[in-house]
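Visitor: These protein sequence lines are chains A and B, in that order.
The first sequence begins at 182 in this note's numbering and counts up one residue at a time.
The second sequence begins at 13 in this note's numbering and counts up one residue at a time.
Backbone N, C-alpha and C fix where the C-beta goes; we use that ideal spot for every residue, glycine too.
Since the structure is predicted, the reported quantities are computational estimates derived from the model, not experimental observations.
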Amino acid sequence: MTQTAQTERTGRPVGTVRRLAGYIRQYKLPSILTPACMAGEVFMEMLIPFVMASLIDKGITPGNVGEVIRYGLIMLLCAFASLAFGVLGGRFGAKASTGFAANLRNGMYETIQRYSFANIDKFSTAGLITRLTTDVTNVQNAYQMILRIAVRAPLTFISAMIMCFATNARLSSIFLIAVVFLSLCLGLIVKMATKRFSEVFTRYDDVNASVQENVSAIRVVKAFVREEYENSKFSKAAENLYRLFVRAEKIVVLNSPLMMLVVYVCIIMLSWLGARQIVVEGTLTTGELTSMFSYVMSVLMSLMMLSMIFVMLTMSAAGARRIAEVLSEEPDIENPENPVMRVPSGDIDFDHVTFAYKQGSGEATLKDIDLHIRSGETIGIIGGTGSGKSSLVSLISRLYDVREGAVRVGGVDVRKYDLEVLRDNVSVVLQKNVLFAGTILDNLRWGKEDATLEECQAACRAACADEFIDRFPDGYETRIEQGGNNVSGGQKQRLCIARALLKSPKVLILDDSTSAVDTATDAKIRKAFREVIPGTTKLIIAQRISSVQDADRILVLENGEVNGFGTHEELLENNEIYREIYTTQTEGGGDFDSPDRKGGDEV
Amino acid sequence: MPKQSLKGQGVYLMRVMKTVMAHYTPHVIAVVLLIIASTWCTLQSTLFTQTLIDSHILPMLSGAVEVTEGFASLAAALTRLALILGVGVILIWSSNRIMINVSQGTMLRLRKELFGNMEKLPISYFDTHAHGDIMSVYTNDVDTLRQLIGQSIPTFVDSMVTVVMTFVSMVTMSWHLTIVSLVMIGVTMLVSAKLAARAGKGFVAQQKCLGALNGYVEEMMTGQRVVKVFNHEEKSLEQFRQLNEEMRDAASTANATVNVMGPINNNFGHISYVVCAVIGAAASIAGLIPLSLGSLVTFLSLNRNFSRPISQLSQQMNSIVMAMAGARRVFELMDEKPETDEGYVQLVNARENPDGSLTETEERTGVWAWKHPHRDGSETTYTRLQGSVTFNDVDFGYVPEKTVLHNITLYAMPGQKIAFVGGTGAGKTTITNLINRFYDIQDGKIRYDEINVNKIKKADLRRSLGMVLQDTHLFTGTVMENIRYGRLDATDEECMEAARLANADGFIRRLPDGYQTLLRGDGANLSQGQRQLLAIARAAVADPPCLILDEATSSIDTRTEALVQQGMDALMRDRTTFVIAHRLSTVRNSDCIMVLEQGRIIERGTHDQLIAQKGKYYELYTGNAIGA
C-alpha cells in the first residue's frame, strides 16, 4: 500500500474533499442530521452535572425532598433526550456513511467503465481493486467518524468549558492551563508517533514483500536448499521490525499516563482551591464543586478523542486521495459526435501512423507505419519482444489513439466510428485474456448475447474447443472458475478465440493467442478460419513461424517499424530478420512445445 | 469464512495465551499486579471526594473545625493523595511499557515461527493455497493478534479489576444504592446483549455482501480490458450496481446497530446516575439510609466508573472475535505438516586416496561422495557421486485420484544429456520435479547413483541437482547477491565467472551499477531474457554435478534466445543434464530424447533414430501433423 502511496503525487486536499463531497448526493439530509443529533446528545449530557449541582445545593443540603425529585425528573428527562438523540444520530450516521460509500464505489466503477486502455495502464489492476474496496471502506469509516465523533468531541469540550465558566470562572482557569498543557503534549506525541510509525510501516511492507517473494519463489528456495538462509534473513528483518515497533509504541504508551497525570493534578487543585472558595470566600457551593469534578473528566476525555480522530483521519486521507484520482481521471477516448454506425468492410489502412504510450518513456512505440490490408486477407505479424506487434493491432479497434497519422477500417477513420460498433466489428483476442466465473456458455455469449447453443458449438468447432468441451461431464454447462483457473492454458486460449468468433466480426485479431496450443491444433484452427470466415480480415500475431507462414502476407516488425511485408517466399528471399527466425526455428531449433505454465503465477 | 462455533475458536484464543505465557509469564504476572495496584490508586481519587466533603469542607462550614487547622489537615490529605496518584501514574506507565515487549515480542516469535514453518512446507502446499491467502496471514491475521495481546487483553484485565474494586467500594458505601445500581446495569446488559446479537448477525450479512462485491470487483478489474473489447461495460455495471446496493443496505443495518450501542450504554449510565442520585438523596433526607452528602456524591462517581468498564468490555468483544478468527488462520498455517525427510544418506566433499577409497573432507574438492551409514552396523561407506539417475516404473499424481505420469522408466548415465519433449501438459516438468523430490511418487522407484532417492537427505539431494526453472524468480537485492544465491560462500570473482559462463556478464556491466545494481520486485527492472540469464548464472555458481533445465523461452525473442542457449550449453558440459527442450539444437545432440504424451513416454532414442522412426517426434519436428 505504501508503495502506491509513495508514487502518488501530492494532491491538493481541498480538491480531494470537494471531489468526494460531490458524491454525498441523496444522503445530504442524514449527513446534516447526524451532527445535529450528536450536538443534541452532548448538550443534554452536559446539562446533567449542572442540574445535579442544583439538586445538591437546593435539595440535599436544605433537606428538601420535593426539590430533589423535581431536579431528579429534569435530569431524567435530559438523560432520555440524550438517549434519543444518540440513537437517532447513530442511525443517521450509518445511513449517511454507508450510502456515501456506495455512491463512491458506483461513481468509481462507472468512471472506470469509461476508461480507455491508456487510463487503465495508468492505474494498475491491483491499484483499482484496492481503491474500490479497502480505500472506500476506510473513507466510509472516516466519514462516519467525522459526522459523529469529530462533532461530538469538540462540542463536548466547548460545552463543558462553557458550563465550567458559567459555574465558576476562577476555578475554570485551572482547566485552561491543563488543556493547553495537555494539547501541547498530545500534539507532540502524535507528531513523534506518526513519524516513528511511518518508519515502522515502511519496514513492515519490506518484511511482507520478502514473505511474498518467498511464497512465489518457493521452488527456487527449495531447489537451492536455502530454507535456513531465508529463515535467518527473515529473522533479522523481523527483529529489526520488532525494535522499530517498540520504539514507536514507547511514545504511544505515554498517552494514558500523561492524561491521568493531568486529571489528577486538576482534581487536587480543584479540591484545594474549591475548598478555599467554599469555606473562606463563600463563592462556591458544594454542589457546584461536585459538578466541576464531573466536567474535568469530560473536557479531558474529549481532548483525548480529538487526538485519536486526528491520527485516524490522516490514515484515511491517503485512501481519499486515491479515490479522488480515479474519479478525476478523464477517459481519453470518447465517442465522437455523430458517429458512423456501420463498418462497411474489413479493409484496414495505416496511414503513416506514429504511436507512443502516455505512460512510457515518450519514445514512439510505432514509427511511421504505412500499411494497406484488403478485406478477407490473412496477415501474419512477427517480430521480437517489444517490436510493437501488440501496439499495432490495438490501434485498429481504437484501444489507443494514434499520435500522428490515421488508422482506417473500411475506409473510415476509426476515430469517427461509434466505439461499440467499431469494437463489435473488430474482434480482438488479447494476449492476456481472461475468462469469467460462470458456465462455458455464459462466457461464449460475451461475444454475442443471444447466441444459440448451435452457434456457440459452431464457433467452438472452428476454434477446436469442441473436442475438450465435449469431454467435460457437463459439456457447455461446465462452470469456469474465476480467472478460468480450472482449464488449461491451451483450453483457455481456444475458448477465448471461440468467444471472439461469435461476434462474427469483419476483422479478427489474434494477439499471440495460440501460444499454449500445440502446433497441430494451431494449424487446424487456421484451416477453420480459411473455411468458416473467408471474408473476415484476419491478423495473427505469433512467435512461431509455423503459425504465420501460410498467411497471405506476413508483416515483420522491428523496433516499431515495418521491416518487411510480403509472402513467406518473398520474405525468405529478401528479409534478413525473417530468414533468421525461420532458420533458428525450423532447421536449428524448431518449436516443440508450448510452455503451458507461462505466466501462470502472474494472475 | 467457514462457520465455526465460538467455542471451537476459543481453543485458538487459549493457544495465543499459551504462546504468551510460554515466554512472558513473569511479565504477565507483573502487569496484572501493576494493573491491580494502579486501579487501587485511581479509586483513591474518586473516594477522596467523600473525605473532602465530609471530613474537610462540611466540618469547616459548620464550624466544627477551625479553618486554619482544617486547611492544614486538608493540605496534608492532598499531599498524601498526590503521592498515591503519582505512584499510580508511574504504575500505569510501567504496565503499558511492559505490555509493548510482551505483545511485540510475541508477534516476533509468531512471525519467526510462521515463516520457519512455511519454509519447511512441501511444494504441494503452495500449489493448493492461494498466495494471497498465505500473505494475508502475515499481514492481516498477525495484526489482529497484536491488537488482541496489546490492547484487548490488558483492557479486559483492567476492566475486570475496576469492576470488582468499584463494586466492593460501592457495597461498603451503601449496599442499598448498590442494589439500585445493579438493577440498572442488569437492564443495560440485557439491552446490549440483544443488540450485540443483532449486530453480530448484521456483520455476518455485511461480510457476505462485501465478499461478493470484492470478488466481483476483483474479477472485473482483472478482465477490464476484455470488458472493453467486448463492449460489456453496461452489463458489468448493471451487476455491480446490484451488488453495491445490497452491500450498502447490509452495511447500513450493521452499522446502525453498532452505532446505537454506544449511546445506549452511555445514556443508560446517565439514567442510572440520576436514579441513584434521586433515590439516595431522598432516602438520606428522609433518614431511610444513613448516607452523608460526601458519600452520595462519591457513590455516584463510583456508579459511573462501574458502568464504564462494562461498556468497554462489550466494545472489546468485537476485536476479540476478530482476533480469534485471525488466530485460527495463524495456527492453521503453523500446524501444517512440514515436508518429511526420512533420508539419511548425506552428500559430502571427499578426497580420493591413492588406493581409490574416499575420505570425507571439509573443503570443496570437486569430488563429491554419498556418505551412507548402514543401519545394521556402525560401518559407513562412501560412494563417489557419479550422477546416474534411473526411474523404474514410476507412477505419480498430484492428487491420489488422478495419475498424471504412468509407468515412467528411464536411465540416465553419468554425464549424459536427457531431453524431454512433448506437448502442453504431457508431464515434462512433473518428471523433473520428482527427481529432486518436490513431490513424492506413488509407485515405483527413482534411484540416484543406485541409491533410492527416498534414502537421501532432501537438502543433500537438492544440493546435488542444479535447477533452472520455467518461471524465473529473483530476490530483492543486488545482482551479485542474486547470483551468489547459488552458493553462499562464492567470491565476487566466482560469481562474475559464472555470469560470464552464462553470457550474462555483458548486460550486467551495462546496468547502471553493474553487479551492484539493486533488483526489486522479482527483478521487474530486467527483461525476461536477462532474468533468465541471471537464473542460469545462479545455477552455474552452484556448480552442481547434475542439472535440470526447464526452460521457458516462448516469450523471449529469437535473438535473446540464442544468447540464453549459449549460456545453457556452456553450463551443460560434463554434467548429467535433464533438459526440457524448446529448441531443436538443444535436443538434437542429446544422448536420449524422451517423447512424452499424456504422462507416458511414447518414444525414446537419439535424434536420428526418432526421425527414422517417423513417429510423433518426426511429426513435431517437421510440423506435418495435420490430420495425423
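What would DSSP say about B:P321, mapped onto helix, strand or coil?
Guide: Helix, per DSSP.
Visitor: 8 Å is my cut-off, CB to CB: does A:V480 come that close to chain E?
Guide: Here the protein chains are A and B, and chain E is not one of them.
Visitor: Compare the beta carbon distance of A:T197 and A:A499 with 8 Å and say whether it is the shorter of the two.
Guide: Not a contact, by the Cβ cut-off of 8 Å.
Visitor: Report the residue ranges of all alpha helix (DSSP H) runs contained in full by the region 228-289 of chain A; include only those spanning at least 4 residues, in chain order.
Guide: Taking only runs of at least 4 residues, no alpha helix (DSSP H) segment lies wholly in the region 228-289 of chain A.
Visitor: How would you write the range of the beta strand (DSSP E) that A:E585 sits in, first residue to last?
Guide: E585 to V590 is the span of the beta strand (DSSP E), which, as asked, contains A:E585.
Visitor: Below 8 Å on the Cβ atoms is my contact criterion, and I expect B:S560 with B:F590 to pass it. Report the Cβ-Cβ distance as a whole number of Å.
Guide: Before going on, a small fix: residue 560 of chain B reads as Ile here, not Ser. 5 Å between Cβ atoms; contact.
Visitor: Could you name the residues of chain A that B:M479 contacts, counting a contact when the two beta carbons are closer than 7 Å?
Guide: Within chain A, the residues near B:M479 are A404.
Visitor: Measuring CA to CA, which of A:L422, A:E394, A:M485 and A:Y476 is closest to A:P438?
Guide: Nearest C-alpha to A:P438: A:M485.
Visitor: Taking the straight line between their C-alpha atoms, what separation do you get for B:S171 and B:M273?
Guide: Taking the straight line from one Cα to the other gives about 18 Å.
Visitor: Return the residue from the list B:S248, B:I458, B:D501 and B:L194 that minimises the CA-CA distance to B:A554.
Guide: Minimum Cα distance to B:A554 is reached at B:D501.
Visitor: Just the chain A side, please: which residues come within less than 8 Å of B:K132 by C-beta, in chain order?
Guide: Chain A residues near B:K132: E408.
Visitor: Taking only beta-carbon positions, decide if A:K431 is within less than 8 Å of chain B.
Guide: A:K431 counts as touching chain B.
Visitor: Does the ligand SAH have a heavy atom nearer than 7 Å to the CB of A:N624?
Guide: Absence of the ligand SAH from the depicted structure is noted, as is the absence of any ligand whatsoever, leaving it without description.
Visitor: Chain A partners of B:T488, CB-CB under 9 Å?
Guide: D387, A390, S391 and E394, listed in chain order.
Visitor: Does the beta carbon of A:S212 sit closer than 8 Å to a beta carbon anywhere in chain B?
Guide: Output row for A:S212: interface = no.
Visitor: Is A:A732 close to chain B, meaning its C-beta is less than 8 Å from at least one C-beta of that chain?
Guide: With 8 Å as the cut-off, A:A732 does not count as an interface residue toward chain B.
Visitor: Quick one: is B:A94 near chain A, going by C-beta distance under 8 Å?
Guide: True, the Cβ-Cβ gap to chain A drops below 8 Å.
Visitor: For B:D407, report the span of its alpha helix (DSSP H) as first-last.
Guide: No alpha helix (DSSP H) holds B:D407; the beta strand (DSSP E) holding it covers V401 to F408.
Visitor: Shorter than 8 Å from the beta carbon of B:V553 to some beta carbon of chain A?
Guide: Chain A contact via Cβ: absent.
Visitor: Anyone know if the C-beta pair for A:S608 and A:L689 falls short of 8 Å?
Guide: In contact: A:S608 and A:L689 (Cβ atoms closer than 8 Å).
Visitor: Determine the burial state of B:E505: buried for a count of at least 16 other Cβ atoms within 10 Å of its Cβ, exposed for fewer.
Guide: That one is exposed.
Visitor: Which of helix, strand or coil does DSSP assign to B:D517?
Guide: Residue state, collapsed to three classes: helix.
Visitor: For the region 115-130 of chain B, which residues have a CB atom closer than 8 Å to at least one CB atom of chain A, in sequence order?
Guide: Residues Q116, G117, M119, L120, R123, K124, F127, G128 and M130.
Visitor: Does the CB of A:Q187 have a neighbour CB from chain B at under 8 Å?
Guide: Bear in mind that a pLDDT of 35 at A:Q187, under 50, signals an unreliable position, so the model cannot answer this.
Visitor: For B:I191, does the count of other Cβ atoms within 10 angstroms reach 16, so buried, or fall short, so exposed?
Guide: Counting Cβ neighbours within 10 Å, B:I191 comes out exposed, since fewer than 16 surround it.
Visitor: Less than 8 Å between the beta carbons of B:N315 and A:G267, yes or no?
Guide: No. Outside cutoff.
Visitor: How is A:N756 classed by DSSP in three states: helix, strand or coil?
Guide: Coil.
Visitor: By Cβ distance, which residues of its chain are closer than 7 Å to A:K705, with the 5 residues on each side in sequence left out?
Guide: So the list reads C645, once near-sequence residues are dropped.
Visitor: Mind reading off the beta-carbon distance from B:C288 to B:L249? Whole number of angstroms is fine, and I expect it under 8 Å.
Guide: At roughly 58 Å, the Cβ-Cβ gap does not stay under 8 Å, so B:C288 and B:L249 are not in contact.
Visitor: I want to verify the contact list: residues of chain A whose CB lies under 7 Å from the CB of B:Y150, in sequence order.
Guide: Here the neighbours are N389 and V392.
Visitor: Could you have a look at A:M522 and say whether DSSP puts it in helix, strand or coil?
Guide: Coil at A:M522, not helix or strand.
Visitor: Mind checking if B:H485 is an interface residue toward chain A, Cβ cutoff 8 Å exclusive?
Guide: Chain A contact via Cβ: present.
Visitor: Can you round the beta-carbon distance between A:F304 and A:C447 to whole angstroms, since I take them to be within the 8 Å contact cut?
Guide: With a Cβ gap of about 51 Å, A:F304 and A:C447 do not count as contacting.
Visitor: Closest to A:Q325 by C-alpha separation, out of A:R251, A:R272, A:M373 and A:D651, would be which residue?
Guide: Checked all of A:R251, A:R272, A:M373 and A:D651; the closest Cα to A:Q325 is A:R272.
Visitor: If you compare alpha carbons, which of B:T310, B:L160, B:V290 and B:G456 is closest to B:I332?
Guide: Out of B:T310, B:L160, B:V290 and B:G456, B:L160 has the C-alpha closest to the C-alpha of B:I332.
Visitor: Select from the region 230-256 of chain B all residues with a C-beta closer than 9 Å to any C-beta belonging to chain A, and list them in chain order.
Guide: Hits within the stretch, in order: E230, E231, M232, M233, T234, G235, Q236, R237, V238, V239, K240, V241, F242, N243, H244, E245, E246, K247, S248, L249, F252, R253 and N256.
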